[in-house]
Amino acid sequence: MPKLLVTYAIPQESFAEIRDQFEVITPSLGSFSREEVLRRLPECEAMLSMFSFTVDRELIDAGAKLRIISNFGVGFNNVDIAYAKEKGIVVTNTPDPVIEPTAELAFALMADLARRVSECDAKLKRGSGLKWGVMENLGVGLWGTTLGVLGLGNIGRAVARRAVCAGMNVIYHNRHRLAPEEEELLKVTYVSFEELLRQSDYLSLHTPLNDTTYHIIDEAALRQMKPSAYLINTARGPVVEEAALVEALRNGRLAGAGLDVYEFEPRISEELLTMDQVVLVPHIGTATMAGRIEMGRYACENIARCFRGEEPLSRVV
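Each residue of the sequence shown is one higher than the one before, starting from 699 at the first, in my numbering.
Structure (structure tokens):
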């Protein structure tokens, strides 16, 4: 029976359909250390790795029997893709289960910023800095405002659907424009990147991280946004130049930001931690129990298909 090494203790329900096909080696709690993975990997034919666990050349070389690295997450920047391909190892990810949870969080961050939920909550709890009154604690709302979506893939589309239901006007920018019938169905309008920056009251980022998107939101981009605009990032931290974002927030050139990811994660710029107009969460875009179970099942199905000689659900290489 082939052995499957799982680097982190994900829900056991995820393995229900493959337990009779694989010997599953998984930590009872938490995660295996890198040293433990290096020790166990040589005897394993499959590996289920977390998006936060680096799979580099050393690990790949240690996995002499490896046929597949099934990454738990939509991103795969943690895996040395080129070297895995050179070694003939299949690499997969789990894009479908993350769509709705991530879209929910992006929309939650927008609504929070719009109505100053976290700000008021913090002030009430610490008992200072908040005034009660008809003209106090005014938000800006979502209804009738413009949401800009950078990257209208599956998650971007899920955010757009929620925004339309909330009465927002939705514009988007992609490398490739959607077909007119798709735009009509989603009720979205294509604009240039520059127009996206200029028109958005809320700008939600849903791009992958690559050479073209690294620091796509830099000082120059931020200067084109409205001073009243809010930036939402549930994509990848380095698509935003964090120092430039801090500067824009400090100087009032941007109204606020909702961030799930950070450029130097898990380290966060100290100044962001002190700003009332910023809502921060610790990379929880996909973090629902149902979502985690489904991600695990999806990752296991990729493995099972590979061993059956079938095409995985989502093959990276």
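Every residue, glycine too, gets a C-beta built ideally from N, C-alpha and C. Since the structure is predicted, the reported quantities are computational estimates derived from the model, not experimental observations.
If you run the structure through DSSP and keep just helix, strand and coil, what is residue i?
i: K701; result: strand
i: G846; result: strand
i: I748; result: Here residue 748 is Met; the residue named in the question, Ile, does not match the sequence. It is a strand residue.
i: F770; result: strand
i: L929; result: strand
i: V976; result: strand
i: I708; result: coil
i: I869; result: strand
i: E672; result: No answer is possible for residue 672: it lies beyond the span of the chain, which begins at 699 and ends at 1015.
i: L1011; result: coil
i: F891; result: helix
i: L739; result: helix
i: L884; result: helix
i: R965; result: strand
i: G851; result: coil
i: A714; result: coil
i: Y900; result: strand
i: V753; result: strand
i: L864; result: The sequence shown places Ala at residue 864, rather than the Leu named in the question. Residue state, collapsed to three classes: coil.
i: G837; result: coil
CA-CA distance, residue i and residue j?
i: I930; j: S729; result: 30 Å
i: E940; j: V847; result: 19 Å
i: I708; j: G831; result: 47 Å
i: L811; j: R859; result: 19 Å
i: L727; j: I758; result: 24 Å
i: E741; j: A953; result: 53 Å
i: L907; j: T932; result: 12 Å
i: Y888; j: A997; result: 34 Å
i: N835; j: N949; result: 21 Å
i: P1010; j: D909; result: 27 Å
i: E721; j: F1005; result: 13 Å
i: I797; j: E756; result: 32 Å
i: A864; j: K701; result: 48 Å
i: V838; j: Q922; result: 20 Å
i: T905; j: L822; result: 36 Å
i: E999; j: R855; result: 25 Å
i: N872; j: A820; result: 37 Å
i: H981; j: G849; result: 19 Å
i: T843; j: A861; result: 10 Å
i: N867; j: L840; result: 10 Å
i: V944; j: M833; result: 28 Å
i: R934; j: F891; result: 18 Å
i: Y912; j: L883; result: 31 Å
i: M745; j: T705; result: 8 Å
i: A946; j: V959; result: 18 Å
i: D1036; j: L978; result: Because the chain is modelled from 699 through 1015, residue 1036 falls outside the range shown and cannot be assessed.
Could you round the C-beta distance between residue i and residue j to whole angstroms and report it? I think they count as a contact, below 8 Å.
i: M808; j: Y870; result: Rounded, the Cβ-Cβ distance is 15 Å, inconsistent with contact.
i: I716; j: I991; result: So it is not a contact: roughly 14 Å between Cβ atoms.
i: L920; j: A942; result: 6 Å
i: V772; j: P793; result: 5 Å
i: S712; j: G989; result: S712 to G989, Cβ: 11 Å. No contact.
i: N776; j: F749; result: 6 Å
i: L703; j: V735; result: 7 Å
i: K763; j: E784; result: The pair is not a contact, with the Cβ atoms about 16 Å apart (cut-off 8 Å).
Got a sec: is the Cβ-Cβ distance from residue i to anything in chain B below 8 Å?
i: R755; result: The chain labelled as chain B is not found in the depicted structure, where only one protein chain is given.
Original post:
Which residue spans inside the stretch 766-828 form an unbroken beta strand (DSSP E) run of at least 3?
Top reply: Taken in chain order, the complete beta strand (DSSP E) segments of 3 residues or longer contained in the stretch 766-828 are 766-770, 788-790.
**OP:** Within the stretch 904-952, note down every full alpha helix (DSSP H) run reaching 4 residues or more, in order along the chain.
**Re:** Complete alpha helix (DSSP H) runs here, min 4: 917-922, 940-948.
Original post:
At a cut of 8 Å, does the stretch 875-886 reach the stretch 963-983 through at least three beta carbon pairs?
Top reply: They do not touch, by the three-pair rule.
Original post:
Do three or more CB pairs link the stretch 788-807 to the stretch 753-772 at distances below 8 Å?
Top reply: Result yes; three or more Cβ-Cβ pairs closer than 8 Å.
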